[in-house]
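J.: So the sequence lines, in the order shown, correspond to chains A and B.
In this text, residue positions in the first sequence follow my numbering: the first is 409, and each later residue adds one.
In this text, residue positions in the second sequence follow my numbering: the first is 409, and each later residue adds one.
Have a look at this one.
Protein chains: 2
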Amino acid sequence: MRIAFFGVGHMGGPMAANLVKAGHEVSAFDLVPALLQEAVNAGASAADSPARAVENAEVVISMLPSGAAAKGLYLGDNGILDAIGQDSLIIDCSTIDAATARELAAAAAADSGRVMIDAPVSGGVGGAKAGTLTFICGGPEDAVERARAVLECMGSKIFRAGDNGAGQVAKICNNMLLAIHMIGTAEALQLGVDHGLDPKVLSDIMFASSGRNWSLEVYNPWPGVMEGVPSSNNYQGGFGVNLMNKDLGLALEAALASKSATPMGALAKSLYGLHANAGNGGLDFSSIQRFFKHRDE
Amino acid sequence: MRIAFFGVGHMGGPMAANLVKAGHEVSAFDLVPALLQEAVNAGASAADSPARAVENAEVVISMLPSGAAAKGLYLGDNGILDAIGQDSLIIDCSTIDAATARELAAAAAADSGRVMIDAPVSGGVGGAKAGTLTFICGGPEDAVERARAVLECMGSKIFRAGDNGAGQVAKICNNMLLAIHMIGTAEALQLGVDHGLDPKVLSDIMFASSGRNWSLEVYNPWPGVMEGVPSSNNYQGGFGVNLMNKDLGLALEAALASKSATPMGALAKSLYGLHANAGNGGLDFSSIQRFFKHRDE
Chain A
409 MRIAFFGVGH
419 MGGPMAANLV
429 KAGHEVSAFD
439 LVPALLQEAV
449 NAGASAADSP
459 ARAVENAEVV
469 ISMLPSGAAA
479 KGLYLGDNGI
489 LDAIGQDSLI
499 IDCSTIDAAT
509 ARELAAAAAA
519 DSGRVMIDAP
529 VSGGVGGAKA
539 GTLTFICGGP
549 EDAVERARAV
559 LECMGSKIFR
569 AGDNGAGQVA
579 KICNNMLLAI
589 HMIGTAEALQ
599 LGVDHGLDPK
609 VLSDIMFASS
619 GRNWSLEVYN
629 PWPGVMEGVP
639 SSNNYQGGFG
649 VNLMNKDLGL
659 ALEAALASKS
669 ATPMGALAKS
679 LYGLHANAGN
689 GGLDFSSIQR
699 FFKHRDE
Chain B
409 MRIAFFGVGH
419 MGGPMAANLV
429 KAGHEVSAFD
439 LVPALLQEAV
449 NAGASAADSP
459 ARAVENAEVV
469 ISMLPSGAAA
479 KGLYLGDNGI
489 LDAIGQDSLI
499 IDCSTIDAAT
509 ARELAAAAAA
519 DSGRVMIDAP
529 VSGGVGGAKA
539 GTLTFICGGP
549 EDAVERARAV
559 LECMGSKIFR
569 AGDNGAGQVA
579 KICNNMLLAI
589 HMIGTAEALQ
599 LGVDHGLDPK
609 VLSDIMFASS
619 GRNWSLEVYN
629 PWPGVMEGVP
639 SSNNYQGGFG
649 VNLMNKDLGL
659 ALEAALASKS
669 ATPMGALAKS
679 LYGLHANAGN
689 GGLDFSSIQR
699 FFKHRDE
């Protein structure tokens, strides 16, 4: 298939490369020339404008850093929506607010009946490279089914959360819960160590008990407890504190809109905000463990 | 073996019954005659005083509601410590503060070199009845090994967290983390539902993603999502809000003693405290889901 791909950064780059590997013809565009060149090195062709990228594209995929960027791409001054073929499927993989996702899908449909879904991902850069991402989709059932063959080139799990915007909501609910159990795990480990327990032994006990969670299972935040995770590599790589802060901000905006109470989510946002403000925004999010460390009094 | 068992309530009763089933000779004592009668119905013999219960006992087990109760039993006016044979093994399964656990073990050792371990449990009344409890032990390695054969009659997993008191610390770290991810799960589900998502679909997505935790796996708090859990039975049975509040109180006391920061744990204590104060202390702890429900404005 002919696929236009917008945004070939840390996530989009390897995703586009996996589409090329699967035999698709990928026309890439990015505002950063170096990223575009990497996509070309991986076998994509470089489009010299957004409009040229979507020419003849059967599928349009975007992986952008914000709702404003996605809105600019599709509906801005040189927005591409008009240039996209009316039979094309549009898949926005960016993590953005649900309201903007719904607005974009409505604009696509109103203009010409084009079909758009939101399909934010879970799994990070590692999952993007390995082609094992989880796609959490929002949109009409038949559109999500049409997208499946393409998404399966980049991911191993494809969920439909509901109608347009629902993918975004499910993604931020998940990441809010992730932030909460990561911080909770860090607090519990520090409390145990402060009382003389071995962090590995305590981790094993809690993983085998009702404290079990994903952070303990595959992403232990205490350095040295688990191999091959950011905590054992000075919190390099992985999912950054700044990105977690962005997702927690989206969660709180969503909670505000629906008058939902999220006290744990709000506290998680405050703690990750403080952690970022202390200069840790570029570290992996499991570095919140350091926040609880005792230093000299 | 001859085993003295103190405290045959909701947890201790089925635990003592499982010891009887395994062929042990159990001498039970409880301040509540009806509970003691149930233990007798299950095959234990009723001791008419604590001192008589421990006569000739090779193992002494206690399952009491508080550190004060445990201290009273062993070291109070009619404390049983002196009456316990010097070669006996003492296993306190109560969930109490680590300092009292250490004090009791030290008193047992100082008095006569008797060996005592703390072995609080995880798994609730269901696990006690099924004999599938998790024991989280603190004490000397050889003492925990001696206890293993007896504990295996009542549980399926036996951990040693460290020296005396470490079992209590690991237990409260686990339960603090449990409270945090249960509340986080409830918040995330409510936020998703408030944006039109189906709680079952959202649960499946988060369980397959990085939000995964024990609450989503076996104890979903949203009514109807999962069968056979308290949320699908009006939050009856299970692990009570009052008990969770007790354990969170122990966690905060421990944090105070070690100058550890537990912001999520402290918030969990406040939320469960408010939930109990609103009249929900007797419900299962997953009923915190109700705390986030929208009612008429």
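We put the CB at the ideal spot given by N, CA and C, even for glycine.
#1: Suppose contacts are defined by Cβ-Cβ distances below 7 angstroms. Is Ile411(B) in contact with Val467(B) by that definition?
#2: Determine which residues of the segment 634–651 of chain A have a Cβ less than 8 angstroms from any Cβ of chain B, and write them out in chain order.
#3: Could you tell me the alpha carbon to alpha carbon distance between Leu559(A) and Lys667(B), rounded to whole angstroms?
#4: Can you tell me where the beta strand (DSSP E) with Glu433(B) in it begins and where it stops?
#5: Around the C-beta of Asp526(A), are 16 or more other C-beta atoms found within 10 angstroms, so that it is buried, or is it exposed?
#6: For Trp630(A), would you say it is in contact with chain B, using Cβ-to-Cβ distances shorter than 7 angstroms as the test?
#7: Is Ala536(A) closer than 7 angstroms to Asn638(A) when the C-beta atoms are compared?
#8: Taking only beta-carbon positions, decide if Ile469(A) is within less than 7 angstroms of chain B.
#9: Along the segment 554–569 of chain A, what residues have a CB closer than 9 angstroms to any CB found in chain B?
#10: Which residues, in order along the segment 614–630 of chain B, keep a beta-carbon less than 9 angstroms from a beta-carbon of chain A?
#11: So with CB distances below 7 angstroms, who are the chain A contacts of Thr593(B)?
#12: Are Lys579(A) and Thr670(A) closer than 7 angstroms when you measure CB to CB?
#13: Would you list the residues sitting across from Arg410(B) in a DSSP beta bridge?
#14: Could you please give the first and the last residue of the uninterrupted beta strand (DSSP E) stretch that includes Phe615(B)?
#15: By the criterion of Cβ-Cβ separation under 7 angstroms, what are the contact partners of Thr670(A) in chain B?
#16: Once DSSP output is grouped into helix, strand and coil, what is the label at Ala569(B)?
#17: Using a Cβ-Cβ cut-off of less than 7 angstroms, give me the residues of the segment 573–584 of chain B that come near chain A, in sequence order.
#18: Would you tell me roughly how many angstroms separate the C-alpha atoms of Ala782(B) and Asp550(B), rounded to the nearest one?
#19: Report the rounded CA-to-CA distance for Ile469(A) versus Leu481(A), giving the unit in angstroms.
#20: Beta carbons nearer than 9 angstroms to chain B: which residues of the segment 683–702 of chain A have them?
#21: Might you give, ordered along the chain, the residues of its own chain that have their beta carbon closer than 7 angstroms to the beta carbon of Gly475(A), omitting 5 neighbours on each side?
#22: Going by DSSP in three states, Met672(A) sits in which element: helix, strand or coil?
#23: Just checking: is the beta-carbon of Asp602(B) within a distance shorter than 7 angstroms of some beta-carbon in chain A?
#24: By the DSSP assignment, the beta strand (DSSP E) with Gly546(A) in it spans what residues?
#25: Please confirm if Ser666(A) has its CB atom under 7 angstroms from at least one CB of chain B.
#26: My output table needs one value for Ala477(A): the three-state DSSP class, helix, strand or coil.
#27: Of all the alpha helix (DSSP H) runs that stay within the bounds of the segment 485–540 of chain A, which reach a length of 4 or more residues?
#28: Which residues in chain A have a C-beta closer than 9 angstroms to the C-beta of Thr542(B)? List them in chain order.
#29: Tell me, which residues are paired with Asp692(B) by DSSP?
#30: Can you pull the DSSP bridge partners for Ala454(A)?
#31: Residues of chain A with CB under 9 angstroms from Val609(B), in chain order?
#32: Have a look at Asp438(A), Ala447(A), Leu443(A) and flag the residue whose alpha-carbon is nearest the alpha-carbon of Asn456(A).
#33: Considering only C-alpha positions, which residue in the set Glu511(B), His603(B), Asn650(B), Gly600(B) is nearest to Ser694(B)?
#34: DSSP three-state call for Ser640(A): helix, strand or coil?
#35: Grab me the residues of Pro444(B)'s own chain with a C-beta within less than 8 angstroms of its C-beta, minus the 5 sequence neighbours each way, in chain order.
T.: Result, derived from the coordinates:
#1: Inclusion of Ile411(B) and Val467(B) in the CB contact set at 7 angstroms is warranted, their separation being smaller than that value.
#2: Residues passing the 8 angstroms Cβ filter: none.
#3: Taking the straight line from one Cα to the other gives about 49 angstroms.
#4: Counting along the chain, the beta strand (DSSP E) containing Glu433(B) begins and ends at 433–437.
#5: Burial call: buried.
#6: Trp630(A) does not count as touching chain B.
#7: In the sequence under discussion, the amino acid at residue 638(A) is Pro, which differs from the Asn named in the question. Against a cut-off of 7 angstroms, the Cβ pair of Ala536(A) and Pro638(A) comes out as no contact.
#8: No, no contact with chain B.
#9: So the close ones are Lys565, Phe567, Arg568, Ala569.
#10: Within the segment 614–630 of chain B, the residues whose Cβ lies closer than 9 angstroms to any Cβ of chain A are, in chain order, Met614, Ala616, Ser617, Ser618, Gly619, Arg620, Asn621, Trp622, Ser623, Leu624, Glu625, Val626, Tyr627.
#11: Going along chain A in sequence order, the residues near Thr593(B) (Cβ under 7 angstroms) are Leu585.
#12: The answer is no: Cβ separation not under 7 angstroms.
#13: Arg410(B) has Glu433(B) as its beta-bridge partners, per DSSP.
#14: Premise fails: Phe615(B) lies in the alpha helix (DSSP H), 607–615, not in any beta strand (DSSP E).
#15: Result: Glu595, Leu599.
#16: Of the three classes helix, strand and coil, the one that applies to Ala569(B) here is strand, per DSSP.
#17: Answer set for the segment 573–584 of chain B: Ala574, Val577, Ala578, Cys581, Asn582, Met584.
#18: Absent from the model: residue 782(B). The displayed extent of chain B is 409 to 705, so no value can be given.
#19: Put simply, the backbone Cα of Ile469(A) is about 11 angstroms away from that of Leu481(A).
#20: For the segment 683–702 of chain A, which is checked against every Cβ of chain B, the residues closer than 9 angstroms are Phe699, Phe700, His702.
#21: Cβ neighbours of Gly475(A) beyond the five flanking positions: Ile504, Asp505, Thr508.
#22: When secondary structure is reduced to three states using DSSP, Met672(A) falls in the helix class.
#23: Using a Cβ-Cβ cut-off of 7 angstroms, Asp602(B) counts as an interface residue toward chain A, since at least one Cβ of chain A sits closer than that to its own.
#24: 541–546 is the span of the beta strand (DSSP E), which, as asked, contains Gly546(A).
#25: Interface annotation, Ser666(A): in contact with chain B, CB-CB separation under 7 angstroms.
#26: In the three-state DSSP reduction, Ala477(A) falls in the helix class (H, G or I).
#27: As far as the segment 485–540 of chain A is concerned, its whole alpha helix (DSSP H) runs of at least 4 residues are 506–520, 532–538.
#28: Simply Ile613, Ala616, Ser617, Ser618.
#29: For Asp692(B), the pairing in a beta bridge is given by DSSP as Gly648(B).
#30: Among the bridge pairs identified by DSSP, Ala454(A) is matched with Ala436(A).
#31: Taking a Cβ-Cβ cut-off of 9 angstroms, the neighbours of Val609(B) in chain A comprise Phe567, Arg568, Ala569, Gly570, Ala574, Ala578, given in sequence order.
#32: The identity of residue 456(A) in the sequence shown is Asp, whereas the question assumes Asn. With distances taken between Cα atoms, Asp456(A) lies closest to Asp438(A).
#33: Each of Glu511(B), His603(B), Asn650(B), Gly600(B) was checked against the Cα of Ser694(B), and the nearest Cα belongs to Asn650(B).
#34: Note: Ser640(A) maps to helix in three-state DSSP.
#35: This sequence places Leu at residue 444(B); Pro is not what is there. If we look at Leu444(B) and ignore the five residues flanking it on each side, its Cβ neighbours are Val416, Ala436, Phe437, Asp438, Ala454.
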